[in-house]
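Going letter by letter, the sequence shown gives residues -21 to -1, 1 to 265 in mature numbering (1 follows the signal peptide of the UniProt record, and there is no 0).
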Amino acid sequence: MVCALGAAVCFGTATVFQAVAARAAGGQGGGEAALLLRAVRQWRYAVGLALDGLGFVFQILALRSVPIYAVGAALAASLAVTAVVAARLLRVRLSGPEWTAVGVVCAGLALLGLASGAEGDRHGPAWLPYALLATAAGVLLLGAVGGRLSGRPRALLLGLGAGFGFGVVEVAVRLIDSLHPYALLTDPSLYALLLGGGAAFLLLTSALQRGSVTTATAGMVLGETLGPAAVGVLWLGDRTRAGLGPLAVLGFVVAVAGALALARFGEAPEAAGGGPATDREGAGVG
């Protein structure tokens, strides 16, 4: 659970560092590609990328140690981290309800920490890796459909698809048994992980370029928490501590609800005169 929280801190802080870099790189003309090239030359953006990488390592360690439902809720809590760090570094003013939502997320995670059991010891049915691969391919199809829409339906569908893609990554990490080169290269879970992560990156980037940050992020949070949690419980043996199942459910619901209330921080908020950010939970470094 410490690793899951470490991943949330890394991802949430990376968003703010990359927001500062993106803001400094803005205002010089050019498109999205030119903005990204200017941003990556700045040390803050490099720090953000390093934090993203460290967060992914923590995420893998967490997924190999605790139930998926706990990791998913903790990763959604990175929005709370972004909100708090943005309030300090970007001087973004948080409203009373938003500070309450930060507290709600923390309370939900505390309940989950008390109730979560050990990682499940089942490998799931033989078809599950192929189902993940099919789901990852379906994310791309969902992106093609969502890209033809406009407004909030577009942002919601693409955000939800991105959440499904990140959810595929969470489950695939659990299904990879061996790091031996031959076993790894013949494991469909690896290809599901790569395809799902890449598809999620593309869909979320597209959603946030021409849509509502809040709507897209809310869809992503739902997509990357509910499905993987169900897979972990139904097929991978994820359980709670004896007698604490209701407490775990309550903690999960509370943490996700708090994260949804902070969905506007899916892309680090703008300070006065600032520009948008890019990140895993924003416009695209995953």
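C-beta: ideal position from N, C-alpha, C; glycine also.
From a predicted model like this one, the values you see are computed outputs, not experimental measurements.
Which value, in whole angstroms, describes the spacing of the CA atoms of residue i and residue j?
i: Leu28; j: Trp22; result: 10 Å
i: residue 266; j: Phe143; result: Absent from the model: residue 266. The displayed extent of the chain is -21 to 265, so no value can be given.
i: residue 271; j: Leu169; result: For the chain, the structure presents residues -21 to 265; residue 271 sits outside this window and is missing.
i: Asp166; j: Gly99; result: 20 Å
i: Ala94; j: Asp217; result: 12 Å
i: Pro160; j: Ala89; result: 39 Å
i: Pro76; j: Gly245; result: 17 Å
i: Leu187; j: Ala247; result: 12 Å
i: Gly96; j: Leu111; result: 24 Å
i: Val(-6); j: Val26; result: 10 Å
i: Val210; j: Val150; result: 8 Å
i: Ala208; j: Pro46; result: 8 Å
i: Ser129; j: Arg243; result: 19 Å
i: Ser157; j: Gly237; result: 36 Å
i: Leu91; j: Ala41; result: 14 Å
i: Gly224; j: Gly230; result: 10 Å
i: His102; j: Val148; result: 16 Å
i: Pro104; j: Trp78; result: 43 Å
i: Val228; j: Gly126; result: 34 Å
i: Ser74; j: Leu107; result: 43 Å
i: Val50; j: Val233; result: 14 Å
i: Leu215; j: Leu226; result: 20 Å
i: Ile39; j: Tyr48; result: 14 Å
i: Thr219; j: Met(-21); result: 13 Å
For residue i, count neighbouring Cβ atoms within 10 angstroms of its own Cβ and tell me buried if that reaches 16, exposed if not.
i: Leu163; result: exposed
i: Arg70; result: exposed
i: Ser191; result: buried
i: Leu154; result: buried
i: Leu213; result: exposed
i: Cys(-19); result: buried
i: Ala221; result: exposed
i: Val(-13); result: buried
i: Phe(-11); result: buried
Quick one: what's residue i bridged to in DSSP?
i: Ser95; result: Thr219
Give every residue of the same chain whose Cβ lies closer than 7 Å to the Cβ of residue i, excluding the five residues on either side of it in the sequence, and list them in chain order.
i: Val235; result: Ala52, Ala55, Val200, Thr204
i: Val63; result: Val81
i: Ala3; result: Gln21
i: Arg72; result: none
i: Thr(-9); result: Leu30, Val60, Val64
i: Thr194; result: Arg131, Ala134, Leu135, Gly138
Among the residues of its own chain, which have a CB less than 6 Å from the CB of residue i, if the five just before and after it don't count?
i: Ala240; result: Ala80
i: Ala(-1); result: Ala18, Gln21, Arg23, Tyr24
i: Gly(-16); result: Phe37
i: Gly206; result: Gly146
i: Tyr109; result: Pro167
For residue i, which residues from the same chain have a beta carbon less than 8 Å from its beta carbon, with the 5 sequence-adjacent residues on both sides left out?
i: Arg43; result: Glu98, Val152, Arg153
Practice item. Spell out a yes or no on whether the segment 193 to 207 and the segment 139 to 154 are touching, meaning 3 or more CB-CB pairs, one atom from each, closer than 8 Å. Key: yes
Review point. On the three-pair Cβ rule with 8 Å, is the segment 75 to 87 touching the segment 49 to 66?
Key: yes
Check your understanding: Is it true that the segment 165 to 173 meets the segment 106 to 123, where meeting means three or more beta-carbon pairs spaced less than 8 Å apart?
Key -> yes
Exercise for review: Could you tell me whether the segment 179 to 186 touches the segment 118 to 138, where touching means 3 or more Cβ pairs closer than 8 Å?
Suggested key: yes
Check your understanding: Just checking, does the segment 60 to 76 make contact with the segment 32 to 41 on the three C-beta pairs under 8 Å criterion?
Key -> no
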